[in-house]
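Undergrad: Here the protein sequences come in this chain order: D and L. Quick note on numbering: the first sequence equals residues 1 to 262 in full-length UniProt numbering. Quick note on numbering: the second sequence equals residues 1 to 440 in full-length UniProt numbering. For every residue, glycine included, the Cβ atom is placed at its ideal position computed from N, Cα and C. Take a look at the following structure, please.
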Amino acid sequence: MSEDQVPTMAEMLAEGKQPEVLFWVGCSGSYDDRAKRITKAFVKLLNKAGVSFAVLGAEESCTGDPAKRAGNEFLFQMQALMNIEILNAYEVKRIVTACPHCFNTLKNEYPGLGGNYEVMHHTQFLKTLLDEGRLSVEGGSFNGKKITFHDPCYLGRANTIYEAPRDLLTKLDADLVEMKRSRKNGLCCGAGGAQMFKDAEPGNKEINIERSEEAISTGSQIIAAACPFCNTMLTDGVKAKEKEADVKVLDVAELLVKATGL
Amino acid sequence: MEYVLRIFFAIILGIGVGYFWMNVRKLRRNILLGRDVNRSDRSNERWRNMALIALGQSKMVRRPVAGILHIFVYLGFVIINIEVLEIIIDGLFGTHRVFSFLGGFYGFLIGSFEILALLVLLSVITFLVRRNIIKIKRFIQSDLKGWPKRDANYILYFEVVLMSLFLLMNAADVWLNQMGVSHYQTDFASPIGSLVSPIFNGVPVATVVVLERTFWWLHITGILVFLNYLYFSKHLHILLAFPNTYFANLEPKGKFNNLDSVTKEVKLMMDPNADPFAAAPADAVPEKFGASDVQDLNWVQLLNAYTCTECGRCTSSCPANITGKKLSPRKIMMDTRDRLEEVGKNIDANKGEFVPDNKSLLNDYITPEELWACTSCNACVEECPVNIDPLSIIMDMRRFLVMEQSAAPQSLNAMMSNIENNAAPWPYNQQDRLNWKNEN
Numbered sequence: 001m002s003e004d005q006v007p008t009m010a011e012m013l014a015e016g017k018q019p020e021v022l023f024w025v026g027c028s029g030s031y032d033d034r035a036k037r038i039t040k041a042f043v044k045l046l047n048k049a050g051v052s053f054a055v056l057g058a059e060e061s062c063t064g065d066p067a068k069r070a071g072n073e074f075l076f077q078m079q080a081l082m083n084i085e086i087l088n089a090y091e092v093k094r095i096v097t098a099c100p101h102c103f104n105t106l107k108n109e110y111p112g113l114g115g116n117y118e119v120m121h122h123t124q125f126l127k128t129l130l131d132e133g134r135l136s137v138e139g140g141s142f143n144g145k146k147i148t149f150h151d152p153c154y155l156g157r158a159n160t161i162y163e164a165p166r167d168l169l170t171k172l173d174a175d176l177v178e179m180k181r182s183r184k185n186g187l188c189c190g191a192g193g194a195q196m197f198k199d200a201e202p203g204n205k206e207i208n209i210e211r212s213e214e215a216i217s218t219g220s221q222i223i224a225a226a227c228p229f230c231n232t233m234l235t236d237g238v239k240a241k242e243k244e245a246d247v248k249v250l251d252v253a254e255l256l257v258k259a260t261g262l
Numbered sequence: 001m002e003y004v005l006r007i008f009f010a011i012i013l014g015i016g017v018g019y020f021w022m023n024v025r026k027l028r029r030n031i032l033l034g035r036d037v038n039r040s041d042r043s044n045e046r047w048r049n050m051a052l053i054a055l056g057q058s059k060m061v062r063r064p065v066a067g068i069l070h071i072f073v074y075l076g077f078v079i080i081n082i083e084v085l086e087i088i089i090d091g092l093f094g095t096h097r098v099f100s101f102l103g104g105f106y107g108f109l110i111g112s113f114e115i116l117a118l119l120v121l122l123s124v125i126t127f128l129v130r131r132n133i134i135k136i137k138r139f140i141q142s143d144l145k146g147w148p149k150r151d152a153n154y155i156l157y158f159e160v161v162l163m164s165l166f167l168l169m170n171a172a173d174v175w176l177n178q179m180g181v182s183h184y185q186t187d188f189a190s191p192i193g194s195l196v197s198p199i200f201n202g203v204p205v206a207t208v209v210v211l212e213r214t215f216w217w218l219h220i221t222g223i224l225v226f227l228n229y230l231y232f233s234k235h236l237h238i239l240l241a242f243p244n245t246y247f248a249n250l251e252p253k254g255k256f257n258n259l260d261s262v263t264k265e266v267k268l269m270m271d272p273n274a275d276p277f278a279a280a281p282a283d284a285v286p287e288k289f290g291a292s293d294v295q296d297l298n299w300v301q302l303l304n305a306y307t308c309t310e311c312g313r314c315t316s317s318c319p320a321n322i323t324g325k326k327l328s329p330r331k332i333m334m335d336t337r338d339r340l341e342e343v344g345k346n347i348d349a350n351k352g353e354f355v356p357d358n359k360s361l362l363n364d365y366i367t368p369e370e371l372w373a374c375t376s377c378n379a380c381v382e383e384c385p386v387n388i389d390p391l392s393i394i395m396d397m398r399r400f401l402v403m404e405q406s407a408a409p410q411s412l413n414a415m416m417s418n419i420e421n422n423a424a425p426w427p428y429n430q431q432d433r434l435n436w437k438n439e440n
């Protein structure tokens with residue numbers, strides 16, 4: 001993807017420029033093969049809309065979210081204070097991220113430690129780009145397709161953002177169908193609270209299977225996700241149900257890339 | 001004779017209210033065993049939440065059947081209690097239906113009380129059916145075995161009895177009024193009582209008078225007994241729902257508090273000018289991180305525990321519980337309350353001082369397996385009709401496990417050491433963070 005520009009804050013600073021927004025890529029978006037595709041999709045949209053953005057690159061480090069949810073407040077605050085030092089040194093004002101966990105931590109838990117930024121989830125940011133006419137989509141390719149949206153806990157219940165991703169999906173001209181448990185009642189994918197990094201406790205079912213079954217039962221061809229962890233969990237769930245040929249799990253940003261024909 | 005009855009009534013009332021007040025003070029003391037947390041801010045929002053959620057029952061109707069039936073019972077209880085005021089005045093002063101001077105309005109009031117009482121009766125019977133015949137899952141789960149299940153049924157039986165006594169009392173009154181018995185000359189609309197009153201046909205007037213008095217006495221003593229039962233049951237929510245919704249967390253649900261004690265230490269670690277060998281002040285008590293017992297929780301969390309009425313909406317929406325894990329957010333609240341009661345009794349038995357009993361909320365009540373099953377998804381917090389926050393207790397206990405005992409699951413320790421060493425939860429080099437840019 002050589003055609004896509006991904007400047008770093010350091011490069012910007014060297015040129016004496018301050019970007020409109022910092023794109024916080026997050027660990028998943030940086031290292032996980034599936035999530036990297038989401039990162040690239042979002043970058044395509046940013047470039048298409050002509051957004052002046054930058055990333056921290058090697059200067060970015062984990063927000064500390066999984067450590068905090070696991071109970072390790074020490075490690076969380078070490079990470080937070082280090083990140084805040086870097087963000088403040090670059091005089092960052094606005095941050096956008098495609099990960100609801102990074103989003104929640106940066107937005108809610110950093111201010112108390114001296115990190116005050118306007119933090120947006122990528123679905124919110126993309127919605128403003130569309131509203132301002134900086135980005136436009138043609139929904140044609142999704143005509144007649146059924147899409148169901150899975151609410152990430154850290155976007156939905158944690159921060160009451162339910163409509164921004166849905167507003168984007170309705171622009172696709174697709175048939176947006178809701179699962180029985182959605183919005184406030186949305187069922188977790190099973191990855192939150194540091195569960196992503198451990199085996200589930202003994203039970204009679206995996207949470208991602210429970211959720212994937214519900215999503216598949218809507219008859220949708222696409223499960224729209226807005227979180228790299230949810231994406232992994234639901235992709236695994238769909239595979240376990242041997243439905244990967246009929247049902248795709250895609251991030252909202254990836255769907256927009258398809259719709260814009262990028 | 002009448003004087004004796006009035007004195008007797010005053011004594012019963014005094015004992016009933018006095019014993020309740022004693023327990024309320026105990027309740028307050030137990031709640032204040034918790035750590036301090038400031039919830040005195042944003043009072044307008046707090047009043048609004050209390051009005052909408054506790055008074056207005058707005059979260060109850062998210063499950064419409066239970067929600068609407070609950071509103072009948074709630075309205076019935078609140079409104080019929082206006083009648084209790086009259087009963088107390090009548091009892092103390094030997095009057096009969098002292099508010100009847102309100103005339104037609106009084107008749108209307110009693111009439112609507114009767115209709116409400118019938119609605120309460122029907123709702124409560126439906127609740128009994130849901131619990132014991134339909135056996136809705138959240139009412140028969142393992143955390144409700146034994147006392148909690150009996151407790152729930154006792155409360156419902158109690159309400160059946162109280163409402164029946166109220167209706168029978170009015171029915172007898174109506175019947176005596178029709179028979180022209182002096183002392184029973186108050187006219188009031190009695191849509192339900194007048195339907196029931198024919199059962200007294202053929203019964204001697206004197207007997208019906210005795211029955212009417214008996215229903216009256218049983219009704220008021222029943223109410224006093226019920227009032228005192230609250231403290232020993234899960235039913236305290238009828239009072240505590242109000243302060244609980246007022247003091248509930250107003251921050252976004254995803255925002256977990258940052259521990260100030262940790263911030264101090266981390267800042268010290270990162271400060272190049274700090275003296276690592278500096279002696280701690282002589283009076284410094286090493287701060288405990290996280291919670292292993294009820295005294296480590298804050299008072300709002302303890303208020304939450306007393307407010308919980310064990311409806312189980314939290315547990316029925318918990319992804320871990322739905323998929324068969326041991327975690328039940330309702331059990332977290334029940335355990336917290338049980339342990340708090342145990343600590344309170346310990347204090348009572350030891351002249352106001354807590355004597356260590358080699359037990360704690362962690363392990364003796366709540367196991368690490370339950371705590372590690374939580375996905376922190378906030379479904380339980382969102383569901384709770386009175387804004388209880390089980391997740392905050394789970395998180396505080398995880399903090400104790402990890403920071404005081406280094407007892408995280410092995411895989412989480414690996415994740416955390418990755419973050420420490422390469423700034424990501426996976427073992428990748430931080431220098432490779434931007435590699436995706438050049439990959440296809």
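Can at least three beta-carbon pairs, one atom from the stretch 128-144 of chain L and one from the stretch 319-338 of chain L, be found at a separation below 8 Å?
TA: yes
Undergrad: By the three-class DSSP mapping on this structure, what secondary structure does R94 (chain D) have?
TA: Along the first sequence, read from residue 1 onward, the residue named residue 94 (chain D) stands at position 94. In this structure, R94 (chain D) counts as strand in the three-state DSSP scheme.
Undergrad: Which parts of the stretch 170-211 of chain L are runs of the alpha helix (DSSP H), unbroken and 4 residues or longer, counting only runs that do not cross its ends?
TA: 193-196
Undergrad: Can you list the residues of chain B that S411 (chain L) reaches, using a CB-CB cut of under 8 Å?
TA: No chain B is part of this structure, whose protein chains are labelled D and L.
Undergrad: Can you give me the start and stop residues for the beta strand (DSSP E) that A225 (chain D) sits inside?
TA: Taking the first sequence and counting its residues from 1, the one referred to as residue 225 (chain D) is at position 225. Run containing A225 (chain D): 222-225, per the beta strand (DSSP E) assignment.
Undergrad: Counting only Cβ pairs nearer than 7 Å, list the residues of chain D close to V266 (chain L).
TA: As a working note, residue 266 (chain L) is residue 266 in the second sequence. Within 7 Å Cβ-Cβ: F74, Q77, M78, L81.
Undergrad: Taking E214 (chain D) as the reference, give the member of D:A226, D:N204, D:G186 with the closest Cα.
TA: Along the first sequence, one-based indexing puts residue 214 (chain D) at 214. Selected option, being the one with the closest Cα: D:G186.
Undergrad: Name, please, each residue of chain L whose Cβ falls closer than 9 Å to the Cβ of S30 (chain D).
TA: As a working mapping, residue 30 (chain D) is identified with position 30 in the first sequence. Ordered by position in chain L, the residues that pass the 9 Å Cβ test against S30 (chain D) are A424, Y428, D432, R433, L434, N435, W436.
Undergrad: State buried or exposed for F8 (chain L), treating a residue as buried only when at least 16 other CB atoms are found within 10 Å of its CB.
TA: Against the second sequence, residue 8 (chain L) aligns to sequence position 8. With fewer than 16 neighbouring CB atoms inside 10 Å of its own CB, F8 (chain L) falls in the exposed class.
Undergrad: Closest by CA to R183 (chain D), which one among L:M416, L:R138, L:L121, L:E382?
TA: Position 183 of the first sequence, counted from the first residue, corresponds to residue 183 (chain D). R183 (chain D) has its Cα closest to that of L:E382, out of L:M416, L:R138, L:L121, L:E382.
Undergrad: Would you mind working out which of L:A189, L:C384, L:L176 sits nearest G111 (chain L), comparing C-alpha positions?
TA: Working through the second sequence from its first residue, we reach residue 111 (chain L) at position 111. Answer by Cα proximity: L:A189.
Undergrad: Going along chain D, which residues have a C-beta under 7 Å from M416 (chain L)?
TA: As a working note, residue 416 (chain L) is residue 416 in the second sequence. Simply A67, A70, N72, L75.
Undergrad: Determine whether the Cβ of I322 (chain L) lies closer than 8 Å to any Cβ atom of chain D.
TA: For the purposes of this step, residue 322 (chain L) is taken as the residue at position 322 of the second sequence. Judged by the 8 Å Cβ criterion, I322 (chain L) is in contact with chain D.
Undergrad: Determine whether the Cβ of residue 318 (chain D) lies closer than 8 Å to any Cβ atom of chain L.
TA: Here chain D has residues from 1 to 262 only, and residue 318 (chain D) is not among them.
Undergrad: Just to confirm the assignment: which complete alpha helix (DSSP H) runs, minimum length 4, are found wholly within the stretch 290-344 of chain L?
TA: 299-307, 313-317, 319-322
Undergrad: Can you tell me which residues form a DSSP beta bridge with I347 (chain L)?
TA: Residue 347 (chain L) sits at position 347 when you count from the first residue of the second sequence. In DSSP, I347 (chain L) forms no bridge with anything.
Undergrad: I believe L165 (chain L) touches G222 (chain L) by the beta-carbon criterion, under 8 Å. Please report the beta-carbon distance rounded to the nearest angstrom.
TA: The residue given as residue 165 (chain L) occupies position 165 in the second sequence. The residue given as residue 222 (chain L) occupies position 222 in the second sequence. The Cβ separation is near 6 Å, so the contact holds.
Undergrad: For N378 (chain L), go through chain D and note every residue whose CB falls closer than 7 Å to its CB, in chain order.
TA: Against the second sequence, residue 378 (chain L) aligns to sequence position 378. In chain order: C153, R157, A158.
Undergrad: Go through the stretch 99-133 of chain D residue by residue and report every complete run of the alpha helix (DSSP H) that reaches 4 residues or more, in order.
TA: 100-104, 122-131
Undergrad: Check the C-beta distance from V238 (chain D) over to I216 (chain D) and give it rounded, since I have them as a contact under 8 Å.
TA: Against the first sequence, residue 238 (chain D) aligns to sequence position 238. Against the first sequence, residue 216 (chain D) aligns to sequence position 216. With 8 Å as the limit, V238 (chain D) and I216 (chain D) qualify as a contact, their Cβ atoms being about 7 Å apart.
Undergrad: In three-state DSSP terms, what is W426 (chain L)?
TA: Within the second sequence, residue 426 (chain L) is the residue found at index 426, counting from 1. W426 (chain L) falls in the coil class under three-state DSSP.
Undergrad: What are the boundary residues of the beta strand (DSSP E) that includes W24 (chain D)?
TA: Working through the first sequence from its first residue, we reach residue 24 (chain D) at position 24. Here the beta strand (DSSP E) through W24 (chain D) covers 21-24.
Undergrad: Pull up the distance between the alpha-carbon of D293 (chain L) and that of A35 (chain D), whole angstroms please.
TA: On the second sequence, position 293 is the one that residue 293 (chain L) refers to. On the first sequence, position 35 is the one that residue 35 (chain D) refers to. Between D293 (chain L) and A35 (chain D), the C-alpha separation is close to 40 Å.
Undergrad: On the DSSP bridge assignment, give the partners of F149 (chain D) in chain order.
TA: Position 149 of the first sequence holds residue 149 (chain D). DSSP, once it has assigned bridges, lists D:A224 as partnering F149 (chain D).
Undergrad: Give the residues of chain L in contact with N185 (chain D), contact being defined as C-beta atoms less than 9 Å apart.
TA: As a working mapping, residue 185 (chain D) is identified with position 185 in the first sequence. Going along chain L in sequence order, the residues near N185 (chain D) (Cβ under 9 Å) are R62, S317, A379, E382, E383.
Undergrad: Starting from the beta carbon of S61 (chain D), find every residue of chain L whose beta carbon is closer than 9 Å, and list them in chain order.
TA: Residue numbering aside, residue 61 (chain D) sits at position 61 when the first sequence is read from its first letter. In chain order: I419, N422, A423, A424, Q430, R433.
Undergrad: Apply the 10 Å Cβ neighbour rule to I222 (chain D) and answer buried if 16 or more other Cβ atoms are within range, or exposed otherwise.
TA: Counted from its first residue, the first sequence places residue 222 (chain D) at position 222. Looking at its Cβ environment, which holds 16 or more other Cβ atoms inside 10 Å, I222 (chain D) is buried.
Undergrad: Can you say whether T207 (chain L) is buried or exposed, counting buried as having 16 or more other CB atoms within 10 angstroms of its CB?
TA: Stepping through the second sequence from its first residue, residue 207 (chain L) is reached at position 207. Under this definition T207 (chain L) is an exposed residue.
Undergrad: Which residues of chain D have a Cβ atom closer than 7 Å to the Cβ of T245 (chain L), listed in chain order?
TA: By 1-based counting over the second sequence, the position of residue 245 (chain L) is 245. Going along chain D, no residue has its Cβ under 7 Å from T245 (chain L), so there is no contact; the nearest lies around 17 Å.
Undergrad: By alpha-carbon positions, which one of L:V124, L:L167, L:I134 ends up nearest to Y157 (chain L)?
TA: Position 157 of the second sequence, counting from 1, holds the residue named residue 157 (chain L). When each option's Cα is compared against that of Y157 (chain L), the closest is L:V124.
Undergrad: Please check if any C-beta of chain L sits within less than 8 Å of the C-beta of T39 (chain D).
TA: Position 39 of the first sequence holds residue 39 (chain D). Proximity of T39 (chain D) to chain L, defined by a Cβ-Cβ separation below 8 Å, is satisfied.
Undergrad: Once you ignore the five residues that flank G29 (chain D) on each side, which residues in its own chain have a CB closer than 7 Å to its CB?
TA: Reading the first sequence from its first residue, position 29 is the one you call residue 29 (chain D). Excluding sequence neighbours, G29 (chain D) sits near A35, K36, I38, T39, A98, C99, P228.
Undergrad: Distance check for G67 (chain L) and L121 (chain L), CA to CA, integer angstroms please.
TA: Residue numbering aside, residue 121 (chain L) sits at position 121 when the second sequence is read from its first letter. Residue numbering aside, residue 67 (chain L) sits at position 67 when the second sequence is read from its first letter. Near 16 Å, if we compare the C-alpha coordinates of G67 (chain L) and L121 (chain L).
Undergrad: Taking only beta-carbon atoms, is G193 (chain D) less than 8 Å away from chain L?
TA: Along the first sequence, read from residue 1 onward, the residue named residue 193 (chain D) stands at position 193. G193 (chain D) counts as touching chain L.
Undergrad: Could you tell me if Y106 (chain L) is buried or exposed, where buried requires 16 or more neighbouring beta carbons within 10 angstroms of its beta carbon?
TA: In the second sequence, residue 106 (chain L) corresponds to position 106, counting from 1. Buried is the call here.
Undergrad: Look at W175 (chain L) and F200 (chain L) and say whether their C-beta atoms are less than 8 Å apart.
TA: Locating residue 175 (chain L) in the second sequence gives position 175, where the first residue counts as 1. Locating residue 200 (chain L) in the second sequence gives position 200, where the first residue counts as 1. The answer is yes: Cβ separation under 8 Å.
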